[in-house]
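*Asks:* Numbering (the working numbering), first residue to last: 9 to 225.
Where is the CB? At the ideal position from N, CA and C, for every residue including glycine.
Remember, predicted model here, so these are calculated numbers, not experimental data.
The structure is given below, and queries will be raised subsequently.
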């Protein structure tokens, strides 16, 4: 086995070198590799950047070792969970579910973020610092969540029964709401049908346009 020196601010301590096979050392050493953590920050990988068709692309050493390009949807899994051990014997091409199953679990002693009760829970390394809730607080929160209920009120304008997501709904449509509003004002009275409001708006628009034409003369 051989060690390849990594660069970058994350290449410190146990992340300073990547472990590879002897026959791959010369091939991989023609590029400069840097240590880069993944999104959750629980692993650091050996990567390099390339420019293809004017766009930057990240090449991961462990995928290169398996001959996997960007079009390969599979994951390159490290069997011993060491993301910098890129020897062939430690790599395998698997689907996302199999890769997720190969996760190191740990016993974490923490306190509930709501009631400050201490408890222990098995979590992955990616959740080692995540704020957690105890089982009692989780149950209380689930019990207090609002349930989706369908109401069947009667429209106060037309008297028809309709479905509503919220209690206290008064009108079945926007047309009934408009008719009730104009009736309360007492200026136009009740509109005879749902399209009357639209027809009134169109007539007012035509009058305004005619006024604009006459003023131009």
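Cα separation between residue 15 and residue 43?
*Replies:* Their backbone Cα atoms lie some 6 Å apart in a straight line.
*Asks:* Given this structure, state the Cα-to-Cα distance separating residue 128 from residue 45, to the nearest angstrom.
*Replies:* 27 Å
*Asks:* Quickly, what does DSSP pair residue 172 with across the bridge? List them, please.
*Replies:* 159
*Asks:* For the beta strand (DSSP E) holding residue 64, just list the boundary residues, first then last.
*Replies:* Unbroken beta strand (DSSP E) run through residue 64: 63-68.
*Asks:* Can you find the residues in the same chain that come closer than 8 Å, C-beta to C-beta, to residue 70, ignoring five residues on each side of it along the sequence?
*Replies:* 53, 54, 84, 86, 91, 94, 99
*Asks:* Apart from the five residues on each side of it in sequence, which residues of its chain come closer than 6 Å, Cβ to Cβ, to residue 110?
*Replies:* 85
*Asks:* Could you give the uninterrupted runs of the alpha helix (DSSP H) lying entirely in the stretch 96-144, keeping only those of 4 residues or more?
*Replies:* 104-109
*Asks:* Could you name the residues of the same chain whose beta carbon sits closer than 8 Å to that of residue 78, not counting the 5 residues immediately before and after it, in chain order?
*Replies:* 65
*Asks:* Consult DSSP for residue 93 and reduce its assignment to one of helix, strand or coil.
*Replies:* strand
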